[in-house]
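Quick notes on the structure that follows.
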Amino acid sequence: MIIISFFNEGANIDLKLALEKQKEKMVVLIGCYKEEHLEFLKNVKTILDVKFGYQSIILEDLYHIGDGSTISNETPRQILHNLISSSNFVIADDTVPSGESLELGYCRNCGAITAIICRYYNETWQRSTFM
């Protein structure tokens with residue numbers, strides 16, 4: 329995520345323009361964060377970042393640091409709302425039932441453009457039962 333930290337008294341910085349430019353490139357990835365599914369989200373992140381020039385972030389990366397502590401005093405819901413409101417769109421992996429159903433509700437409430445991925449594996453569609 330881009331943090332604007334270059335304020336000088338004499339500089340004419342159009343903050344609105346800077347935030348719009350950030351939003352054009354920011355993508356949020358949500359889904360199941362267990363091993364196999366997290367690996368899929370990481371692959372999607374790599375493709376978005378390298379091939380298409382986006383700045384994507386897997387939501388789970390913002391919830392916890394390696395030692396299990398949270399990165400801020402904000403609740404996961406506050407982190408999600410702030411991130412979604414500063415992103416261009418959201419991609420949800422709906423392969424298995426997990427917390428993304430709640431996260432998708434937040435996306436809807438924020439008016440976020442959301443793409444839902446259902447994968448085809450062993451001749452069947454792999455998707456959670458609620459969709």
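Under our numbering, the residue at position 127 of the sequence shown is numbered 455, and the numbers go up by one with no gaps. Glycine included, each C-beta is placed from N, C-alpha and C at the ideal position.
I believe residue i touches residue j by the beta-carbon criterion, under 8 Å. Please report the beta-carbon distance rounded to the nearest angstrom.
{"i": "serine 384", "j": "valine 355", "result": "4 Å"}
{"i": "cysteine 446", "j": "isoleucine 412", "result": "With a Cβ gap of about 21 Å, cysteine 446 and isoleucine 412 do not count as contacting."}
{"i": "leucine 408", "j": "glutamate 388", "result": "With a Cβ gap of about 11 Å, leucine 408 and glutamate 388 do not count as contacting."}
{"i": "asparagine 416", "j": "lysine 351", "result": "6 Å"}
Using 10 angstroms around the beta-carbon of residue i, count the other beta-carbons present and answer buried if the total reaches 16, otherwise exposed.
{"i": "alanine 420", "result": "buried"}
{"i": "valine 418", "result": "buried"}
{"i": "isoleucine 375", "result": "exposed"}
{"i": "aspartate 342", "result": "exposed"}
Which stretch, first to last residue, makes up the beta strand (DSSP E) that contains residue i?
{"i": "serine 384", "result": "383-386"}
{"i": "valine 356", "result": "354-358"}
For residue i and residue j, what's the separation of their Cα atoms in angstroms?
{"i": "lysine 353", "j": "leucine 347", "result": "10 Å"}
{"i": "isoleucine 444", "j": "serine 429", "result": "11 Å"}
{"i": "lysine 373", "j": "arginine 405", "result": "22 Å"}
{"i": "tyrosine 361", "j": "glycine 433", "result": "18 Å"}
{"i": "tyrosine 448", "j": "phenylalanine 380", "result": "24 Å"}
{"i": "alanine 440", "j": "isoleucine 358", "result": "13 Å"}
{"i": "lysine 349", "j": "leucine 369", "result": "24 Å"}
{"i": "aspartate 377", "j": "asparagine 371", "result": "10 Å"}
{"i": "tyrosine 422", "j": "glutamate 363", "result": "Correcting the residue identity first, residue 422 is aspartate in this sequence and not tyrosine. Rounded to the nearest angstrom, the two C-alpha atoms are 15 Å apart."}
Heavy atom of the ligand HEM less than 6 Å from the Cβ of residue i, yes or no?
{"i": "glutamate 388", "result": "Absent from the structure shown: the ligand HEM. Ligands present: none."}
Could you spell out the range, first to last residue, of the alpha helix (DSSP H) harbouring residue i?
{"i": "valine 372", "result": "363-374"}
{"i": "proline 404", "result": "404-413"}
Let me know the secondary structure DSSP gives residue i once reduced to three states.
{"i": "alanine 420", "result": "strand"}
{"i": "alanine 440", "result": "coil"}
{"i": "lysine 351", "result": "helix"}
{"i": "phenylalanine 335", "result": "Caution is warranted here: a pLDDT of 49 is assigned to phenylalanine 335, below 50, making its placement in the model unreliable, and the coordinate value is therefore given only provisionally. Coil, per DSSP."}
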